[in-house]
Amino acid sequence: MNDLRDAVRAAARTLADAGVGSPDHDAVALAAHALGVDAAEVRRRMVLGGEVPESYAGLVAERARRVPLQHLTGRSWFRGLELEVGPGVFVPRPETEVVAGWAVDAARDCLDAGVGAPVVVDLCTGSGAIALAVKSEVPEARVLAVEVSDLAVAWAQRNRDRLGLDVEVEHADAVTALPGLTDVDVVVSNPPYIPTTAEPVDPEVRDHDPHVALYGGSEDGLAIPRLVAARAAGLLRPGGVLVMEHADSQGESLPAALRASGSWSHIEDRVDLTGRPRATVATRA
């Protein structure tokens, strides 16, 4: 098939038949990656006539086998930042952009209150997405990113260096990280929270995201989030803010766990743009 329009349309049908949730978008994105252009240029060439790159069929076949789009392109967008991702690191999700935004808001509140340059810690940073977004949008902040996985640390450092954002990437366990630091203004975390009895439906997640970034260590999925929240309590100054992402089903159980710990006040659960419970925001008592 030599015509780009026909090839992209056929690719979209193939991806739809394979159960890919966004077949049209992915077909164009793969063509853009293969051609080294953006999606708008692909659509222009589809109208005016363009040749199909040699690598396109192979990319479409891989995507039809449910290899994540981001692994094939090596790129993932997050709050306007183009991140590099691949095997060994959790691919950041669009819903987490809202969580990062709440951390950005909390950091800006510190500036508005005259506290000074805020200190922000991202526990379980993965690719560095949240930490880098905070630094990009609140450049005055000192931002530290903590990650336990060797591979994910490498991706986070690579993204930091490529974007030129001054984020301190710490290779450490989020449960014990940054000993001696006690004056943090904001802690944000997207910890592993899937219950151990559950299995992700999408093959992209189940078969390709690292399990250390997925499973919360207990049947309710909250064993690790509770430990991360306890470390956050030790890092935050009184009045500091915790923003923690959770599963849709944990909009009541995570706030209850934080209340039971006695470390938090003003505990609020927030929904994402789809109306689903997405993160708990709490103030250090």
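Here my numbering is used: the first residue of the sequence shown is 8, the next is one more, and so on.
Just so you know, even glycine gets a beta-carbon here, dropped at the ideal spot from N, CA and C.
These numbers were taken from a predicted model, which means no experiment stands behind them.
Residue i, enclosing beta strand (DSSP E) - first and last residue
i      : result
Arg213 : Segment Pro210 to His215 is the alpha helix (DSSP H) holding Arg213; no beta strand (DSSP E) there.
Arg285 : Pro284 to Arg291
Leu249 : Leu243 to Glu252
Contact set for residue i: own chain, Cβ-Cβ below 8 angstroms, skip 5 residues either direction
i      : result
Glu147 : Leu118, Ala124 and Pro125
Val212 : Leu221
Asp45  : Ala39
Ser62  : Ala41
Leu79  : Leu37, His40, Leu66, Glu69 and Arg70
CB of residue i within 8 angstroms of CB of residue j, strictly
i      : j      : result
Arg291 : Ala264 : no
Ile201 : Ala254 : yes
Ser83  : Asp129 : no
Arg115 : Val145 : yes
Val127 : Asp192 : yes
Opening and closing residue of the alpha helix (DSSP H) in which residue i lies
i      : result
Pro101 : Pro101 to Asp119
Leu261 : Ser260 to Ser268
Glu226 : It is not in any alpha helix (DSSP H) - Glu226 carries neither H nor E in the DSSP assignment.
Pro30  : Pro30 to Leu42
Arg12  : Leu11 to Asp24
Beta-carbon separation (whole angstroms), residue i vs residue j, contact threshold 8 angstroms
i      : j      : result
Val248 : Val219 : Contact flag wrong, Cβ pair sits at about 26 angstroms.
Leu139 : Leu170 : 6 angstroms
Ser143 : Val96  : That pair is no contact at about 19 angstroms.
Glu102 : Arg277 : Incorrect: roughly 11 angstroms between the Cβ atoms, too far for contact.
Ala18  : Ala34  : 4 angstroms
Cut-off 6 angstroms between Cβ atoms - residues of its own chain near residue i, not counting five sequence neighbours on either side
i      : result
Pro94  : none
His178 : Val160
Beta-carbon proximity list for residue i, same chain, < 7 angstroms, skipping 5 on both sides
i      : result
Ser260 : Asp227 and Leu229
Gly3   : Nothing about residue 3 can be read from this structure; the chain reaches only from 8 to 292.
Val98  : Pro75, Gln77, Ser83, Val92 and Asp216
Ile274 : Pro262, Leu265, Arg266, Thr287 and Ala289
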